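Report on the following structure.
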Ligand code: GLU
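Right, dumping it as structure tokens:
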């Protein structure tokens, strides 16, 4: 594994002298990292003439490398197309992958992820003059292009293959070329990628602007490399907390027209399962407050909910709830406002007299048909802290799951 080279690599060592030989100082090479990234996704990462990629994914990778002790000029960039990412990681060809790489259950069987560091949603790119395609349901008999090995291709195959004709290419740039020359009618992948291409071809291409999935981008590492995963997770948190995340988004996506969601909550230990606690062993007040969290949430009693939340993290929790509750998504139509949601506490683990975590599951009802792909169930993990005798919810993480 290349990351091993990081340890003490700048040290000046001495060669062990054989009998009578002179002892020569050896200056070891500075540490390097090999990063898998896209070379042709405007706004996220486009390879520059100087051999360095530019964009939000490139900034994220560079920031992480910096936190791992590797300077930008010592990063070795390797192209990672959609269908190459798992292979690049598991062969050891790259140390990590930052390449619009959605965390999915299927991929988690092959690789490990740190993050998420960004949330996007699958959408459609069409020619400006196209009047009849707005949503994937409109693809009836039309041809849609996406990249081989992408979750976008999986989604079209799974949900729309009976209507749409699917064409897959190695990269989205090829799909965009096909769209411009009329070979295909639409390109489908994450809105953030499509926005970058639309900005490159103003007046020619447009994003329809109806996200129909949620894509959580993770940094891929070799399966089971928990140590690197934890260090990258920490780096992502720092990038969000110190303002670098927002700066990079503004610089790289600010003019693309992409409606960027706030930074996602970064998982603590994504590969570690938190077992549901034994309810009989818990502080009864903890159980009662946790149930009240679900009850106020379900009643949309936000004032009551706020009473149960740590004041210093109330805003973060609010942002997350807004981000994960489709009814509050301004890009969706008014008919979703009638959808109902129910949060159920599925487990509580008390880790000390004053700390605990709970798991909750949220499902939706009364969803209009055209939005059914968008409303996934949500698993929440909440962190509870007892202060001055009162339990409060101090942080929350969420994850979309298939119902
Ligand atoms: N985020 C999706 C994926 O990981 C689509 C973008 C891509 O292919 O990089 O498959």
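In the working numbering, the protein residues as written are 71 to 473.
Heads up, the beta-carbon is just placed ideally off N, CA and C, and yes, glycines get one too.
These figures come from a predicted structure and were not determined experimentally.
Would you report the Cα separation of residue i and residue j, rounded to the nearest angstrom?
i           : j           : result
residue 102 : residue 361 : 49 Å
residue 481 : residue 322 : Only positions 71 to 473 of the chain appear in the structure, and residue 481 is not among them; the question remains open.
residue 421 : residue 465 : 15 Å
residue 198 : residue 100 : 49 Å
residue 339 : residue 406 : With a pLDDT of only 41 at residue 339, under 50, the local geometry of the prediction cannot be trusted, and the value read off the model is given with reservation. Distance between the alpha carbons of residue 339 and residue 406 is about 33 Å.
residue 158 : residue 121 : 20 Å
residue 191 : residue 249 : 20 Å
residue 383 : residue 366 : 18 Å
residue 238 : residue 468 : 31 Å
residue 132 : residue 409 : 41 Å
residue 385 : residue 297 : 31 Å
residue 211 : residue 141 : 50 Å
residue 363 : residue 378 : 7 Å
residue 186 : residue 325 : 23 Å
residue 271 : residue 179 : 38 Å
residue 424 : residue 370 : 27 Å
residue 446 : residue 207 : 18 Å
residue 129 : residue 358 : 44 Å
residue 273 : residue 218 : 28 Å
residue 478 : residue 265 : Here the chain has residues from 71 to 473 only, and residue 478 is not among them.
residue 449 : residue 214 : 32 Å
residue 327 : residue 115 : 17 Å
residue 59  : residue 353 : Summary: the structure shown does not reach residue 59, with the chain confined to residues 71 through 473, and so no result is reported for it.
residue 285 : residue 312 : 24 Å
residue 315 : residue 263 : 17 Å
residue 182 : residue 453 : 23 Å
residue 283 : residue 310 : 23 Å
residue 119 : residue 176 : 36 Å
residue 169 : residue 304 : 19 Å
residue 308 : residue 138 : 12 Å
Measuring alpha carbon to alpha carbon, tell me which of the options ends up nearest residue i.
i           : options               : result
residue 245 : 97, 105, 471 and 275  : 275
residue 418 : 388, 455 and 395      : 455
residue 155 : 267, 394, 293 and 194 : 293
residue 143 : 207, 150 and 135      : 135
residue 461 : 243, 398, 403 and 380 : 380
residue 205 : 423, 161 and 401      : 401
residue 368 : 327, 307, 433 and 352 : 433
residue 161 : 150, 169 and 170      : 150
residue 145 : 106, 174 and 175      : 106
residue 202 : 256, 189 and 243      : 256
residue 317 : 125, 267 and 139      : 125
residue 230 : 243, 242, 258 and 413 : 258
residue 471 : 278, 174, 375 and 438 : 174
residue 216 : 428, 236, 200 and 399 : 236
On the CB-based measure, 16 or more other CB atoms within 10 Å of its CB, does residue i come out buried or exposed?
i           : result
residue 372 : exposed
residue 457 : exposed
residue 222 : buried
residue 299 : buried
residue 320 : exposed
residue 111 : buried
residue 108 : buried
residue 342 : Low confidence applies to residue 342: its pLDDT is 41, below 50, so where it sits in the model is not reliable, and the reading given next is rough at best. Result: exposed.
residue 228 : exposed
residue 436 : exposed
residue 281 : buried
residue 152 : buried
State yes or no: is the beta carbon of residue i nearer than 8 Å to at least one beta carbon in chain B?
i           : result
residue 147 : Although the question refers to chain B, the structure presented lacks it and comprises just one protein chain.
With residue i and residue j assumed to form a contact (beta carbons below 8 Å), what rounded beta-carbon distance in angstroms separates them?
i           : j           : result
residue 430 : residue 415 : 5 Å
residue 127 : residue 193 : Contact doesn't hold; Cβ gap of about 18 Å is too wide.
residue 389 : residue 332 : 5 Å
residue 387 : residue 463 : 7 Å
residue 411 : residue 289 : Residue 411 to residue 289, Cβ: 30 Å. No contact.
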